[in-house]
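All residue numbers for the sequence shown refer to UniProt numbering, where the first residue is 1 and numbers rise by one.
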Amino acid sequence: MTPEENKKFMSNFVEEVINKKNINAVDELAAEDFLEHLPFPGQGPGREGLKFAINSMLTGFPDMHWTVDEQVAEGDTVVTRFSWTGTHDGDFMGIPPTNKKVETWGVVIDVVRDGLFAESRIIMDTMGLLQQLGVMG
Numbered sequence: 001m002t003p004e005e006n007k008k009f010m011s012n013f014v015e016e017v018i019n020k021k022n023i024n025a026v027d028e029l030a031a032e033d034f035l036e037h038l039p040f041p042g043q044g045p046g047r048e049g050l051k052f053a054i055n056s057m058l059t060g061f062p063d064m065h066w067t068v069d070e071q072v073a074e075g076d077t078v079v080t081r082f083s084w085t086g087t088h089d090g091d092f093m094g095i096p097p098t099n100k101k102v103e104t105w106g107v108v109i110d111v112v113r114d115g116l117f118a119e120s121r122i123i124m125d126t127m128g129l130l131q132q133l134g135v136m137g
């Protein structure tokens, strides 16, 4: 795939899996041996680990919606700057629902290999998120 095709693939992944809440699409879009370099707490390896991480986010923020703000790609690597919004209506990392609306941002460095989402590194403003939830000063 070309760098432009890889950018479109990752944008489509965000739309289908996160925004449309179609977690089962991970089975078709991610490599079986998917590697998360900075795993979510409790995240195991492979596709199932990726589904666990996304499901954990959607459990805490059922209306979570990601926006792709900017992308650059070279070879099989896609860097995406994103923002997301959501309402904390469910348990998130042991934090009971606060019903607060949040908005945060981050950057992911993803690898698309053989037409599948193969690797990811996510860097997110976790401190800002926890401050918005009122659990960190």
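For each residue, glycine too, the CB sits at the ideal point set by N, CA and C.
| query | result |
| --- | --- |
| Proximity below 8 Å, CB of G42 to CB of E32 | no |
| Paired residues, beta bridge with I123 - DSSP | V107 |
| Chain-order list of residues whose beta-carbon lies under 8 Å from that of Q131 (same chain, five-residue window excluded) | G137 |
| Three-state secondary structure (DSSP) of K51 | helix |
| Residue span of the alpha helix (DSSP H) that contains F13, given as start and end | 3-13 |
| Cβ pair A90, P62 closer than 8 Å | Here the sequence assigns Gly to residue 90, which means Ala is not the residue at that position. Cβ atoms of G90 and P62: closer than 8 Å. |
| Residues near L116 in its chain [Cβ-Cβ closer than 7 Å; skip 5 each side] | L29, A30, A31 |
| Extent of the continuous alpha helix (DSSP H) run through V26 | 26-29 |
| Cβ-Cβ distance between N24 and W66 below 8 Å | no |
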